[in-house]
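Residue numbers for the sequence shown, in the numbering used here: 808 to 980.
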Amino acid sequence: MRHVLVTGAAGGIGLAVAEAFAARGDAVSGVDARAPELEVAMARLGGRALVADLADPGRAEVVDRASALAGPVDVLVNAAGLYPATPLADMTAAEVASPVNPVTDEYASAVAVNPLGRPGQPDEIAAAVVWLAGDDARFVTGAVLRVDGGATAGTTALPVHHPTTTVLQEGSL
């Protein structure tokens, strides 16, 4: 049994990832700022709830807290995230601190150009995460697995979605 630490575990992709690892018998520690939702989710999964706002740079001790509760962390899944997708190095402090809002023009634009014509579901992302953390992916390293329904097919760079642009990148055609 591995100890898996999942950020953003109170809902969405983070919760789906926590559920998938718990279903495999892994010990799960979930981190989120939304205490009530996190506590309910972790109680249901038999996991440990670590309430922390990861937008606060001083919250890095959460890994130490998780290790003290369930032993060393074997797998870390950072599922607390933002939309639209922006390279971390290009993000402002305000973008890091802002919550994800799926009811935005950027989100609608991204879904509109997705070849599958729909957004991905949290369990679809979770399946890829569990695979990457497992023995079947032991030779996968330094690769980018884009679980995006084909939105970046034919591109060489990760897109930044804006309402006035598509996912096509310069040089991709």
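Cβ atoms here follow ideal geometry from the backbone N, Cα and C, with glycine treated the same way. None of the values given here were measured: they were computed from a predicted structure.
Assigned exposure category for residue i - 16 Cβ within 10 Å defines buried
i      : result
Gly821 : buried
Arg925 : exposed
Arg855 : buried
Glu931 : exposed
Asp860 : exposed
Ala873 : buried
Leu857 : buried
Thr948 : exposed
Ala825 : buried
Ala816 : buried
Asp839 : buried
Ala875 : exposed
Ala823 : buried
Val910 : Per-residue confidence for Val910 stands at a pLDDT of 49, beneath the threshold of 50, marking its modelled position as unreliable; the derived number appears in the next sentence. Classification for Val910: exposed.
For residue i, the nearest candidate out of the options (CA to CA)
i      : options                           : result
Ala940 : Val882, Asn921, Val869 and Arg841 : Val882
Leu852 : Phe946, Ala873, Val835 and Ala875 : Val835
Ala829 : Val870, Ala934 and Asp942         : Ala934
Leu923 : Ile932, Val937, Phe946 and Gly956 : Gly956
Ala877 : Arg953, Leu812, Gly949 and Val947 : Leu812
Ala827 : Pro843, Phe946, Val936 and Gly949 : Val936
Arg809 : Gln928, Val869 and Arg831         : Arg831
Gly776 : Arg953, Ala944 and Ala887         : A question about residue 776 goes unanswered here, because the residues of the chain that appear run from 808 up to 980.
Gly837 : Arg945, Gly865 and Asn885         : Asn885
Asp833 : Val869, Ala867 and Pro879         : Pro879
Gln928 : Val954, Ala919, Asp943 and Asp942 : Val954
Strand pairing of residue i, partner residues [DSSP]
i      : result
Gly837 : Val813 and Ala856
Leu952 : The partner list for Leu952 (beta bridge, DSSP) is empty, contrary to what the question assumes.
Leu883 : Leu812
>> Could you check whether the stretch 947-960 touches the stretch 829-847, counting it as contact only if at least three pairs of C-beta atoms, one from each stretch, sit closer than 8 Å?
In response: Touching, no.
>> Which complete alpha helix (DSSP H) runs does the stretch 842-881 hold, if anything under 4 residues is left out?
In response: Correct list: 842-852 and 869-877.
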